[in-house]
Amino acid sequence: MIVEIGHIALIMALAVALVQATVPMIGAARGDGRLMAVASTAAGAQWVFIVIAFLSLMNAYVTSDFSVFNVASNSHSAKPMLYKIAGVWGNHEGSLVLWVLILATFGGAIVLFGGNLPPALRARVLSVQALIAVGFLSFSLFTSNPFERVFPAPLDGNGLNPLLQDPGLAFHPPFLYLGYVGFSVAFAFAIAALIEGRVDAAWARWVRPWTLIAWSFLTIGIALGSWWAYYELGWGGWWYWDPVENASFMPWLAGTALLHSAIVCEKRDALKAWTILLAIVAFSLSLLGTFLVRSGVLTSVHAFATDPARGVFILGFLIFVVGGSLTLFAVRAPLLKAGGLFAPVSREGGIVLNNLLFSAAAATVLLGTLYPLFIDALGAGKVSVGPPYFNTVFIPLMAPLVVLAGIAPMLAWKRADLTGVIARIKIVAAVTALVLLWSVYRAWGNAVFGAFGIGLSAWLAFSVLFDLAVRIRLFRVSALDSLQRAIRIPRAAYGMSLAHFGVALLVAGVTASSAWRTEAIQVMRQGETISVAGFEFLFHGVVRAEGPNYTADRGHFTVTRAGGLVAELWPENRFYPVQQQPTTEAAIHTTWLSDLYAVVGDPDGRGGWSTRVYYNPLVPWIWLGAMVMALGGAVSLSDRRHRVGAPNRRRRRLMAGEPAAEVAR
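Residues 93 to 757 in this note's numbering are what the sequence shown spells out, letter by letter.
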């Protein structure tokens with residue numbers, strides 16, 4: 093009965109979404125306040141119905157109701173409770189319900205926190221959100237019904253894919269969807285602005301927090317997925333340019349460009365049409381990721397569905413949303429009034445260059461992802477586009493971006509004195525040169541090129557610290573005065589600094605783990621030792637272990653260095669009898685400066701076991717950097733200036749006598 097209630101609730105949500113998509117839009121066109129008010133009521137009702145549907149599906153998983161086809165296909169009575177709950181979104185049908193739940197939650201958040209929006213704009217934004225919900229609810233109900241019954245009900249289920257039975261994968265999809273769906277808010281604001289034909293600083297101020305929320309969640313989601321691939325798949329790497337990995341990375345690149353562009357739109361009333369276009373592109377790339385995962389065009393551990401009928405539906409929806417929005421942009425964008433002018437050497441100019449590089453990077457990833465699919469669709473054979481292509485075209489675009497990120501925050505708005513900026517950063521350049529020389533010396537004869545990546549990381553990190561020191565006039569005024577200045581710095585500025593510092597950590601981690609990783613792959617017998625990067629790995633053999641729903645061959649390594657014990661490592665080779673599928677569980681010892689990484693494979697039949705041992709320098713900094721970036725987004729969100737009315741604070745500070753230049757910073 094609860095399952096049927098959930099199904100009915102999902103149908104009701106679709107009906108409410110249809111009303112929300114049409115009535116408020118008509119009301120905004122007519123200036124009818126009563127019709128526009130329907131948007132808020134409908135958004136709340138839609139959220140309630142989808143919550144009921146989601147909880148109904150979760151109840152079926154928790155109680156192991158195998159009369160539901162979705163539960164029977166993706167759960168098992170012996171599965172731990174965490175993975176029963178995660179199984180709700182660990183499949184195609186259930187993940188769509190999570191998607192629309194997050195979409196409805198964002199709509200409800202607009203209602204709760206958008207009281208200062210103009211009524212017509214709010215009505216249009218909520219209508220566009222509802223139109224997206226109509227598409228996904230229809231997709232769910234007509235092609236991917238999560239509440240479909242099966243008769244007779246099996247005694248037990250097939251269980252969740254063992255690769256997904258992991259805490260990292262339990263939390264990775266929700267964060268990823270919060271990012272994907274979060275960009276729908278920026279998209280809705282862009283479409284509403286195009287319909288109204290008006291984009292101003294207030295519009296940009298409304299868009300920035302929602303974009304920042306989506307960007308922060310997507311950053312965490314990508315980092316969790318990378319972390320899972322690193323320790324779960326057992327290959328010692330953290331990114332493989334898999335098409336589905338790229339599907340999440342492309343909207344992140346576009347969203348990062350959007351964040352910076354919206355700043356110019358708010359501060360200088362410029363780049364209006366470009367900001368609108370980026371909002372459309374960021375969400376369109378999110379939908380493209382949905383198509384790639386659910387259409388069956390890709391074979392990947394990340395892919396959900398292989399049913400071509402579902403692919404046709406989502407492709408049609410993708411064409412409707414992307415084609416319709418770009419057509420509207422082509423018609424309405426020329427009507428937007430041009431904003432303020434600025435010199436090429438200025439903060440605005442730096443952000444424009446930032447946008448061009450991010451856009452080019454997204455385009456190269458898009459080309460490398462879709463090209464094999466186009467070639468295959470045309471019947472011209474199969475081609476593979478892998479890491480060599482992406483590393484060759486992507487890294488040269490990222491290097492100048494890192495350099496620019498160290499300079500741009502020091503540039504003044506409208507027009508900057510480049511000579512003065514260069515004079516200010518000479519200390520940073522000198523320190524960076526020393527780090528670069530030290531890195532070249534340490535890496536001589538062993539991937540020296542990686543030293544330049546460390547130099548880029550040092551450049552950005554020291555630039556962030558130097559910029560903060562300049563802002564508080566460190567060592568130029570008293571310590572108390574510097575502290576007071578530090579307190580007065582807007583939180584958004586701290587958020588920017590944290591995000592850029594996180595990028596510096598990530599660049600260092602990517603560089604060191606890629607350039608100087610040491611690995612050894614061999615067959616080992618009990619009592620044998622292998623030396624890797626100065627560490628001695630003593631293999632004690634393999635014992636059989638039992639898990640809650642799997643059996644495992646558990647290896648044992650003792651790691652020493654210079655005779656001293658460093659770590660005990662227990663990698664596993666698991667087998668899940670329900671799915672008849674093996675998985676690899678790496679054993680990792682981290683010092684936050686490096687990882688010792690061990691994997692045990694299959695026996696050779698003669699008393700030996702295949703083993704892989706890695707030394708990954710600075711690899712933890714990849715995920716630490718991503719978390720610092722997301723923290724920067726959270727700190728920026730706490731800045732009151734992201735809420736309408738924040739200019740009042742600026743006026744109060746000016747009235748209190750603080751110099752205008754300091755307020756502007």
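For each residue, glycine too, the CB sits at the ideal point set by N, CA and C.
All figures in this text were calculated on a predicted structure; none of them were measured in a lab.
*Secondary structure at residue 93, three-state DSSP: helix, strand or coil?*
Indexing the sequence shown from 1 puts residue 93 at position 1. If DSSP states are grouped into helix, strand and coil, residue 93 belongs with coil.
_residue 94 versus residue 191: straight-line alpha-carbon distance, rounded_ = As a position in the sequence shown, residue 94 is number 2, starting the count at 1. As a position in the sequence shown, residue 191 is number 99, starting the count at 1. So the alpha carbons of these two residues sit roughly 21 angstroms apart.
*Nearest to residue 282 by CA position, among 233, 247, 357 and 239, is which residue?*
Position 190 of the sequence shown, counting from 1, holds the residue named residue 282. Nearest C-alpha to residue 282: 357.
*the stretch 705-722 touching the stretch 611-627, judged by at least three CB pairs closer than 8 angstroms*: yes
*Are the CB atoms of residue 307 and residue 274 nearer to each other than 9 angstroms?*
Along the sequence shown, one-based indexing puts residue 307 at 215. Along the sequence shown, one-based indexing puts residue 274 at 182. Yes, Cβ-Cβ distance for residue 307 and residue 274 is below 9 angstroms.
_For the pair the stretch 431-451 and the stretch 496-509, tell me if three or more CB-CB distances fall below 8 angstroms._
yes
*asked:* Using a Cβ-based criterion (distance less than 8 angstroms to any ligand heavy atom), does residue 584 qualify as near the ligand FAD?
replied: The model on display carries no ligand, and the ligand FAD is accordingly not part of it.
_Quick check on residue 595: buried or exposed, where buried means 16 or more other Cβ atoms within 10 Å of its Cβ?_
Counting from 1 along the sequence shown, the entry for residue 595 is found at position 503. The residue is buried, with at least 16 neighbouring Cβ atoms inside 10 Å.
*Distance CB(residue 520)-CB(residue 532) smaller than 9 angstroms*: For this step, residue 520 is matched to residue 428 along the sequence shown. For this step, residue 532 is matched to residue 440 along the sequence shown. No; because the gap between Cβ atoms is not below 9 angstroms, this pair is not in contact.
*Alpha carbon to alpha carbon, what distance is there between residue 132 and residue 203?*
Position 111 of the sequence shown, counted from the start, is the residue given in the question as residue 203. Position 40 of the sequence shown, counted from the start, is the residue given in the question as residue 132. Near 6 angstroms, if we compare the C-alpha coordinates of residue 132 and residue 203.
*residue 572 to residue 607, Cα distance in whole Å?*
To locate residue 572, count along the sequence shown from 1; it is residue 480. To locate residue 607, count along the sequence shown from 1; it is residue 515. The straight-line gap from Cα to Cα measures roughly 44 angstroms.
*Write down the C-beta distance between residue 360 and residue 432 rounded to the nearest angstrom, noting that I regard them as a contact closer than 8 angstroms.*
Residue mapping note: residue 360 aligns to position 268 of the sequence shown, counting from 1. Residue mapping note: residue 432 aligns to position 340 of the sequence shown, counting from 1. With a Cβ gap of about 5 angstroms, residue 360 and residue 432 count as contacting.
*For residue 451, which of 544, 351, 420 and 517 has the nearest alpha-carbon?*
Your numbering for residue 451 matches position 359 in the sequence shown. The residue with the shortest Cα to Cα distance from residue 451 is 351.
*Candidates 197, 556, 569 and 446: closest to residue 140 by CA position*: As a first step, residue 140 must be located in the sequence shown, where it is residue number 48. Among 197, 556, 569 and 446, the Cα nearest to that of residue 140 belongs to 197.
*Mapping DSSP to helix, strand and coil, what is residue 479?*
For this step, residue 479 is matched to residue 387 along the sequence shown. Helix at residue 479.
*Excluding the five sequence neighbours on either side, which residues of its own chain have a C-beta within less than 8 angstroms of the C-beta of residue 300, listed in chain order?*
Here residue 300 corresponds to residue number 208 of the sequence shown, with the count starting at 1. Within the same chain, residue 300 has close Cβ partners 351, 354, 355, 358 and 734.
*residue 208 burial status per 10 Å Cβ neighbour count (16 or more: buried)*: Working through the sequence shown from its first residue, we reach residue 208 at position 116. With fewer than 16 Cβ atoms within 10 Å of its Cβ, residue 208 is classed as exposed.
*asked:* Quick check on the DSSP output: the alpha helix (DSSP H) that includes residue 721 runs from which residue to which?
replied: To locate residue 721, count along the sequence shown from 1; it is residue 629. Run containing residue 721: 712-729, per the alpha helix (DSSP H) assignment.
*First and last residue of the beta strand (DSSP E) that includes residue 688?*
Within the sequence shown, numbered from 1, the residue matching residue 688 stands at position 596. That run of the beta strand (DSSP E) goes 686-695.
_What does the Cβ neighbour count give for residue 471, buried or exposed, with the cut at 16 atoms within 10 Å?_
Against the sequence shown, residue 471 aligns to sequence position 379. Exposed.
*Pick helix, strand or coil for residue 592, following the three-state DSSP scheme.*
Looking up residue 592 in the sequence shown gives position 500. Here residue 592 sits in helix by DSSP.
*alpha helix (DSSP H) segment containing residue 278, residue limits*: The count along the sequence shown starts at 1 and reaches residue 278 at position 186. Per DSSP, residue 278 belongs to the alpha helix (DSSP H) from 259-288.
*Span of the beta strand (DSSP E) holding residue 649?*
As a working mapping, residue 649 is identified with position 557 in the sequence shown. From DSSP, the beta strand (DSSP E) with residue 649 extends over 643-653.
*asked:* With a threshold of 6 angstroms on Cβ separation, who are the neighbours of residue 668 within its own chain once the five nearest residues in sequence on each side are excluded?
replied: For the purposes of this step, residue 668 is taken as residue 576 along the sequence shown, with counting starting at 1. Within the same chain, residue 668 has close Cβ partners 254 and 642.
_Applying the 10 Å Cβ sphere with the 16-neighbour rule, what's the burial state of residue 618?_
Indexing the sequence shown from 1 puts residue 618 at position 526. Exposed, since its Cβ has fewer than 16 Cβ neighbours within 10 Å.
*Write down the C-beta distance between residue 558 and residue 517 rounded to the nearest angstrom, noting that I regard them as a contact closer than 8 angstroms.*
As a position in the sequence shown, residue 558 is number 466, starting the count at 1. As a position in the sequence shown, residue 517 is number 425, starting the count at 1. Residue 558 to residue 517, Cβ: 7 angstroms. Contact.
*Tell me the start and end of each unbroken alpha helix (DSSP H) in the stretch 339-424 that is at least 4 residues and wholly inside, in chain order.*
364-386 and 400-424
*Status (buried if at least 16 other CB within 10 Å, exposed otherwise) for residue 162*: In the sequence shown, residue 162 corresponds to position 70, counting from 1. Residue 162 comes out buried.
*Under the assumption that residue 658 contacts residue 632 (Cβ atoms under 8 angstroms), give the Cβ distance between them as a whole number of angstroms.*
Start at 1 with the first residue of the sequence shown, and residue 658 comes out as number 566. Start at 1 with the first residue of the sequence shown, and residue 632 comes out as number 540. Between residue 632 and residue 658 the Cβ distance is about 15 angstroms, and since that is not below 8 angstroms, they are no contact.
_Contact set for residue 98: own chain, Cβ-Cβ below 7 angstroms, skip 5 residues either direction_ = Numbered from 1 along the sequence shown, position 6 holds the residue referred to as residue 98. Only 144, 145, 148, 149 and 239 meet the Cβ criterion.
*Using the Cα positions of residue 309 and residue 178, report the straight-line distance between them to the nearest angstrom.*
Locating residue 309 in the sequence shown gives position 217, counting from the first residue. Locating residue 178 in the sequence shown gives position 86, counting from the first residue. Each residue's alpha carbon lies about 18 angstroms from the other.
*residue 759 bridges to which residues according to DSSP?*
Outside the shown range of the chain, which is 93 to 757, sits residue 759, and nothing can be said about it.
*What does DSSP give as the partner residues of residue 657 in its beta bridges?*
Here residue 657 refers to the residue found at position 565 when the sequence shown is read from its first residue. Answer by DSSP bridge pairing, in chain order: 652.
*Quick one: what does DSSP say residue 701 is sitting in, helix, strand or coil?*
If you number the sequence shown from 1, residue 701 lands on position 609. Three-state DSSP puts residue 701 in a strand.
*asked:* Assuming contact is defined by CB atoms lying nearer than 9 angstroms, are residue 328 and residue 271 in contact in what I supplied?
replied: In the sequence shown, residue 328 corresponds to position 236, counting from 1. In the sequence shown, residue 271 corresponds to position 179, counting from 1. Not a contact, by the Cβ cut-off of 9 angstroms.
*asked:* Considering only their Cβ atoms, is the gap separating residue 670 from residue 250 smaller than 9 angstroms?
replied: As a working note, residue 250 is residue 158 in the sequence shown. As a working note, residue 670 is residue 578 in the sequence shown. Yes, Cβ-Cβ distance for residue 250 and residue 670 is below 9 angstroms.
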